[in-house]
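Some notes on the structure that comes next.
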Amino acid sequence: MVPISAVTFATNSVAYLLALVAVGLHLYSRFATKVGFGWHDGFVLMSMVFGTILLYIEGLLYTSGIGYPIAEVGSNRRLLIELIMIYYVMFVLTIITTKISMLCLYFRILTTYSKTRMAITIFIGIFLMWGLVSIVDTLTVCHLEKNNTREESRSPEAMMKGSSALSIVGDVVVFLLPLPAIWNLRTNRHTKIDIGIFLICGIMITSISILLCVVVASQDFQNPEFAILSQGSIAYAAIEATTGIACDLLLKEAKYIIASNKRQ
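Going by the numbering used here, 161 is the number at position 162 of the sequence shown; the sequence numbering is gapless.
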């Protein structure tokens with residue numbers, strides 16, 4: 000493993016551990032307080048499972064040749080191609096389940112906002128269809144080793160840009176949808192600080208999504224040295240997925256914000 004890959008994998012591993020701790024604490028609080036297990040919690044668990052597989056495949060990629068010249072990859076070239084395909088499928092599954100988890104939480108707590116709940120339902124359907132199409136395209140019509148040499152082959156560039164766009168749109172939607180409801184509440188200074196933290200998390204996740212899209216857009220997919228060029232997109236995809244899971248769990252603060260204000 001090259002040094003930059005080792006640093007990247009270590010960083011992503013730390014982000015994953017933080018997400019794992021956040022999930023553990025969240026589930027403990029759910030069972031300890033006997034609140035119940037909702038759709039939000041189920042999708043959080045699913046996203047954590049996909050995130051675990053994502054990190055595992057990232058480790059396999061770094062030990063199989065990512066970061067090295069293609070001449071040094073040798074017989075691992077085919078393995079790298081297959082791992083990259085699976086990696087992006089896991090990335091799509093992770094971000095889709097994370098976004099749907101957030102939307103399910105909104106649907107659960109915004110009981111008096113019928114228009115917002117209708118919009119949430121629509122966006123859940125859109126994300127499900129978008130994710131399904133991305134996965135089917137990746138597994139059936141995207142041939143990474145052939146790129147654009149066949150008309151029926153969808154280019155890896157289109158696949159990765161589509162996944163990045165899905166992530167950016169998802170981030171914008173899940174962090175903008177509840178804002179009208181939250182800002183209409185009577186809030187004290189402490190609540191405003193909580194809302195500020197909520198917005199900062201949204202900006203942070205969206206920034207990572209944009210960085211991933213920029214890295215993908217700058218890659219030359221016609222260059223045979225794909226093993227070196229894929230480092231950036233692989234790194235940002237992992238950090239975005241794991242950070243998104245951790246920030247998803249911070250959204251339960253929104254529930255406490257709304258609940259506390261309803262009691263006032």
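Glycine included, each C-beta is placed from N, C-alpha and C at the ideal position.
Residue i to residue j span [Cα, whole Å]
| i | j | result |
| --- | --- | --- |
| serine 166 | lysine 98 | 9 angstroms |
| valine 213 | isoleucine 204 | 14 angstroms |
| proline 177 | serine 113 | 12 angstroms |
| methionine 47 | threonine 242 | 11 angstroms |
| phenylalanine 101 | valine 43 | Note on identity: in this sequence residue 101 is methionine, with phenylalanine being the wrong assignment. Cα to Cα, methionine 101 sits roughly 9 angstroms from valine 43. |
| alanine 9 | leucine 104 | 31 angstroms |
| methionine 84 | isoleucine 209 | 21 angstroms |
| serine 74 | serine 133 | 28 angstroms |
| alanine 31 | phenylalanine 126 | 32 angstroms |
| isoleucine 69 | arginine 76 | 8 angstroms |
| tryptophan 38 | glycine 23 | 16 angstroms |
| isoleucine 238 | threonine 111 | 35 angstroms |
| valine 168 | histidine 25 | 26 angstroms |
| alanine 118 | alanine 164 | 20 angstroms |
| methionine 45 | leucine 16 | 16 angstroms |
Classification of residue i by the beta-carbon crowding that lies within 10 angstroms, buried from 16 upward
| i | result |
| --- | --- |
| glutamate 57 | buried |
| serine 162 | buried |
| tyrosine 27 | exposed |
| threonine 148 | Only weak support is given to the placement of threonine 148: the predicted model assigns it a pLDDT of 45, under 50, and the question is left unresolved by the model. |
| leucine 175 | exposed |
| threonine 120 | exposed |
| glycine 124 | exposed |
| isoleucine 202 | exposed |
| methionine 128 | exposed |
| alanine 21 | buried |
| alanine 14 | buried |
| leucine 79 | buried |
| serine 232 | buried |
Same chain, Cβ closer than 6 angstroms to residue i, neighbours up to 5 away in sequence not counted
| i | result |
| --- | --- |
| glycine 130 | Val91, Ile95 |
| threonine 7 | Ala234 |
| asparagine 11 | Ala237, Ile238 |
| serine 139 | Going by the sequence as given, residue 139 is threonine instead of serine. If we look at threonine 139 and ignore the five residues flanking it on each side, it has no Cβ neighbours. |
Close-in-space but distant-in-sequence residues of the same chain around residue i (CB under 7 angstroms, 5 per side omitted)
| i | result |
| --- | --- |
| arginine 116 | Phe106, Leu109 |
| methionine 89 | Phe49, Ile52, Leu53, Ile56 |
| serine 4 | Tyr61, Ile65, Gly66, Gln230 |
| isoleucine 207 | Tyr235, Ile238, Glu239, Thr242 |
| valine 135 | none |
Beta-carbon proximity check, residue i vs residue j, cutoff 8 angstroms
| i | j | result |
| --- | --- | --- |
| glycine 64 | alanine 18 | no |
| leucine 60 | leucine 82 | yes |
| valine 171 | phenylalanine 122 | no |
| threonine 93 | alanine 240 | yes |
Other residues of its chain near residue i: CB distance less than 8 angstroms, five sequence neighbours each side excluded
| i | result |
| --- | --- |
| arginine 29 | Gly35, Phe36, Asp40 |
| alanine 180 | Leu109, Tyr112, Thr115, Ile257 |
| glutamate 150 | Low confidence applies here, because glutamate 150 scores a pLDDT of 46, under 50, leaving its location unreliable and the question unanswered by this model. |
| lysine 33 | none |
Closer than 7 angstroms: residue i CB and nearest the ligand GTP heavy atom
| i | result |
| --- | --- |
| phenylalanine 8 | Only the bare structure without any ligand can be found here, which leaves the ligand GTP out of the picture. |
Min CB distance residue i to chain C below 8 angstroms
| i | result |
| --- | --- |
| alanine 180 | In the structure shown, chain C cannot be found, because there is only a single protein chain. |
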